[in-house]
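Notes follow once the structure below has been shown.
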Amino acid sequence: MDKMPKWADVVLIPLISVVLALLVSGLVVAIIGESPLRAMQIMVRGAFGSAYGWGYTLYYATNFIFTGLAVAVAFHARLFNIGGEGQAALGGLGVAVILLAVDWPHWSLALAAAMGFAMLFAAAWAALPAYLQAKRGSHIVITTIMFNYIASALLVYLLVNVFRVEGSMSPESARFAENTHLPGGGDFAGFLGFSATTPLNISIFLALIACVLVWLLIWRTRLGYEIRAFGQSETAAVYAGINPFKIIMITMLISGALAGMMAINVVMGEAERLVLDFTEGAGFVGIAVALMGRSHPVGVVLAALLFGALYQGGAELQFEMPAISREMIVVIQALVILFTGALDNMVRMPVQKLFLALKRRRDHAARPTPEA
Amino acid sequence: MDFLTILQILDSTVRLATPLLLACLAGLWSERAGIFDIGLEGKMLVAAFFAAAIAYTSGSVWVGLLAGIAASMVLALLHGLASITFRGNQLISGVAINFLAAGLAVVIAQTWFAQGGRTPQLSSDARFANIELPGAATRIRDIAQQGPLGQTYSELISGHSILVYLALACVPLTWWVLYRTRFGLRLRAVGENPAAVDTAGVSVVGLRFAAVLIAGVLCGIAGAYLSTALSSGFVKDMSAGRGFIALAALIFAKWRPWYALSACLLFGFFDAVGNRYQNIQLGEFIVPVQFMQALPYILVVIVLAGLVGKAIPPRAGGEPYVKER
Chain A
1 MDKMPKWADV
11 VLIPLISVVL
21 ALLVSGLVVA
31 IIGESPLRAM
41 QIMVRGAFGS
51 AYGWGYTLYY
61 ATNFIFTGLA
71 VAVAFHARLF
81 NIGGEGQAAL
91 GGLGVAVILL
101 AVDWPHWSLA
111 LAAAMGFAML
121 FAAAWAALPA
131 YLQAKRGSHI
141 VITTIMFNYI
151 ASALLVYLLV
161 NVFRVEGSMS
171 PESARFAENT
181 HLPGGGDFAG
191 FLGFSATTPL
201 NISIFLALIA
211 CVLVWLLIWR
221 TRLGYEIRAF
231 GQSETAAVYA
241 GINPFKIIMI
251 TMLISGALAG
261 MMAINVVMGE
271 AERLVLDFTE
281 GAGFVGIAVA
291 LMGRSHPVGV
301 VLAALLFGAL
311 YQGGAELQFE
321 MPAISREMIV
331 VIQALVILFT
341 GALDNMVRMP
351 VQKLFLALKR
361 RRDHAARPTP
371 EA
Chain B
1001 MDFLTILQIL
1011 DSTVRLATPL
1021 LLACLAGLWS
1031 ERAGIFDIGL
1041 EGKMLVAAFF
1051 AAAIAYTSGS
1061 VWVGLLAGIA
1071 ASMVLALLHG
1081 LASITFRGNQ
1091 LISGVAINFL
1101 AAGLAVVIAQ
1111 TWFAQGGRTP
1121 QLSSDARFAN
1131 IELPGAATRI
1141 RDIAQQGPLG
1151 QTYSELISGH
1161 SILVYLALAC
1171 VPLTWWVLYR
1181 TRFGLRLRAV
1191 GENPAAVDTA
1201 GVSVVGLRFA
1211 AVLIAGVLCG
1221 IAGAYLSTAL
1231 SSGFVKDMSA
1241 GRGFIALAAL
1251 IFAKWRPWYA
1261 LSACLLFGFF
1271 DAVGNRYQNI
1281 QLGEFIVPVQ
1291 FMQALPYILV
1301 VIVLAGLVGK
1311 AIPPRAGGEP
1321 YVKER
């Protein structure tokens, strides 16, 4: 079968899938008895209508870029890392450990150390599932799900028994010292109208740098080539001398480290202390973001921005339309995963047929008639 | 610890193991036919909501049960459509179904009842009552005066909702259908070698859809049990990871029905002990409650690591079947 043009594969099909997901979401809103158009309007205004809205949208998007990249990198080696949630939680633990243990003179030093610890802890949490997949063939989807739950129990235990401040009832750590607070949107982009009321912080630049690094890694290095080759065909990769154990381990360590980086944005940048369930499902949103973004950093940024807007707009929506629960964004997220991931062939097959028919007609017209 | 306390823990073990068992058997049906199902959690949750909501509005718990089963089957069909008809990734489809259920249940609950994403408390008519078997004592004072055998009968065997007995009956039923009927043989074959089944002229698609729908029914009962028997009403995220514990039990049981029962009882026991005792003291050592909660997951990782025998899933699991032309 002839291939479709590349732009159809990379842009058209994801776009159709997302439009379908949004249409079904609109249908759900209509069934609830509210106007989908007005809901959309409120969400867009809430997410992009003010510097305040933008601040939150970009803050959420930062999380989703990290978790989306984490899933995307693993996808290239055909590994499905559902464990972003647990890995990010461990990343938060790493951040809290190093920021509480050391008296940092300046935020930049603290940031470097926190990044190191976030990535180290999160990658370590991804290492065991990776090892079990590589050596024992235990399905990485199952083990990473299990590790999410184990991480959650571990964090509850540590927050209640170790980090909790004496005399406080809430399971959270002490606040980090003033010196470790990251510059916020008001500090570096105050001229755009951002202020300290939004949680936006310099982590967003780290997220964008991570995108560039992932792009370089996957498409411009030998290791990236090996990861992609392994993802295309394990047997062919082995035949070409690629060590599957090495690829699975390295890919998952990178994936885990990326997921852990979201803790910089939330734990260090926003909460400025370790709180329970700070990931708020961002690890799972990463799955939708990677699927929608076709595992490419540019796609991931765009998808992360869409989901950031959904999260921020969803909060506004609940405020203006109390009949619609904030959980509506979970529904939209599910539909995006469903249409761009699981039902991919439903969109792909008709589009492929269409392009084939167009090509056949073109060939037919181009061929000279035999009588002439 | 006296005998009655042990019985009480075992009694709540059975109660807590029931939804796990139903979901675990659901997973067993689906995965034995070669369809991975990590959407057990979502199907249970959506069934829990619809069972509670319809039981509340209709006043009949049986209508609620049917509604729960129907809702779960709709999601099962969606999973079948994605993973059988359109040959999509079964794991991604399962993830999508879990989120769809978690979101939709709360969104609809908010629209219908406006109580912050929960259903109103169910009255006793809209719940599954506990069945007192003949001759069983019901009051704790009477039970305490019985002998060990009588106590076991009254406390452990009697006094559960009908769904508990139904779930237990599903174990031999599942075993019998899978291992003693033609349908069961074909279903297992489709999970191991679908091409062979296809060559024999039996529909792979039909068998797989049947398995996925049976899983939908079982998850539906599990969800209805959660909201109309174990508690009285639906609250957000009430399945609380049980679908994944069931999945863990399924792997622990290596995809076999009777072992599934023991695995679910074991995990139910952890849950019961964790509910009763916050921290368990073992000599010098204190086992925190969070460890008990994480124990099923830790055990599965140990099983998957191959430390206690190898857990080998059905061979064609997760692979969409493409008919040769």
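From first to last, the protein sequence lines stand for chains A and B.
Read in my numbering, the first sequence has 132 at position 132, and its numbers run on one by one without any break.
If you want my numbering, it's the position in the second sequence, counting the first as 1, plus 1000.
The beta-carbon is built from N, C-alpha and C at its ideal position, and this holds for glycine as well.
Counting along the chain, Gln1145(B) sits inside the alpha helix (DSSP H) bounded by residues Ile1140 to Gln1145.
Relative to Gly313(A), the option among Val10(A), Ile13(A) and Gly55(A) whose CA is nearest is Gly55(A). Not flagged as an interface residue toward chain A: Ile1035(B), since no C-beta distance is shorter than 8 Å. Along the stretch 1155 to 1210 of chain B, the beta strand (DSSP E) does not occur as any fully enclosed run of 3 or more residues.
Bridge partners of Leu1282(B) according to DSSP: Phe1285(B). Among the CB atoms of chain B, none fall inside 8 Å of the CB of Met292(A). With its beta carbon at least 8 Å from every one in chain B, Gly83(A) lies outside the interface. Using a Cβ-Cβ cut-off of 8 Å, Gly1241(B) counts as an interface residue toward chain A, since at least one Cβ of chain A sits closer than that to its own.
Residue-level contact check: Tyr1259(B) does not touch chain A, since none of the beta carbons of chain A fall below 8 Å from its beta carbon. Taking a C-beta distance under 8 Å as the contact criterion, Thr62(A) and Gly84(A) do not qualify as a contact pair. At least 8 Å separates the beta-carbon of Leu58(A) from that of Val300(A). Counting only runs of 4+ residues, the alpha helix (DSSP H) found wholly inside the stretch 1215 to 1285 of chain B occupies 1242 to 1252 and 1257 to 1276, in chain order. For Thr198(A), no alpha helix (DSSP H) encloses it, and the DSSP letter there is neither H nor E. Collapsing the DSSP output to three states places Ile1131(B) in a strand.
The C-beta separation of Gly1223(B) from Ser1072(B) comes to about 6 Å, placing the pair in contact by the 8 Å criterion. Taking 8 Å as the CB threshold, Tyr149(A) lines the interface with chain B.
Look at Ala334(A): its C-beta is under 8 Å from a C-beta on chain B. Residue-level contact check: Pro1288(B) touches chain A, since one or more beta carbons of chain A fall below 8 Å from its beta carbon.
Counting other Cβ atoms within 10 Å of its Cβ, Thr1119(B) reaches 16 or more and is therefore classed as buried.
In this structure the stretch 1199 to 1207 of chain B does not touch the stretch 100 to 118 of chain A; the number of beta carbon pairs closer than 8 Å is below three.
Neighbours of Val212(A) in chain B, taken as residues whose beta carbon is under 8 Å from its own, are absent, since the nearest beta carbon is some 27 Å off.
Taking C-alpha positions only, Ile264(A) is separated from Val28(A) by approximately 35 Å.
Gly184(A) is bridged by DSSP to Asn201(A).
Distances from the alpha-carbon of Leu1226(B) to those of Ala1051(B), Leu1010(B) and Leu1178(B) put Ala1051(B) closest.
For Ile1038(B), at least one C-beta of chain A is nearer than 8 Å to its own C-beta.
Taking a Cβ-Cβ threshold of 9 Å, the residues of chain B close to Ala323(A) are Gln1110, Thr1111 and Ala1114, in chain order. Counting C-beta pairs with one atom in each stretch, the stretch 1159 to 1172 of chain B and the stretch 1014 to 1022 of chain B have three or more that are closer than 8 Å, which means they touch.
For a Cβ distance threshold of 7 Å, nothing in chain A lies close to Phe1270(B): the least Cβ distance comes to about 12 Å. Contact with chain A is found for Asn1089(B), since one of that chain's Cβ atoms lies less than 8 Å from the residue's Cβ. Contact of Asn63(A) with chain B is not assigned, every C-beta pair being separated by 8 Å or more.
When 8 Å is used as the limit between beta carbons, Arg136(A) is near these residues of chain B: Leu1304, Ala1305 and Gly1306, in chain order. When CB distances to chain A are screened at a threshold of 7 Å, the residues of the stretch 1115 to 1137 of chain B falling below it are Gly1117, in chain order. For Gln1121(B), there is no enclosing alpha helix (DSSP H), as DSSP gives it neither H nor E.
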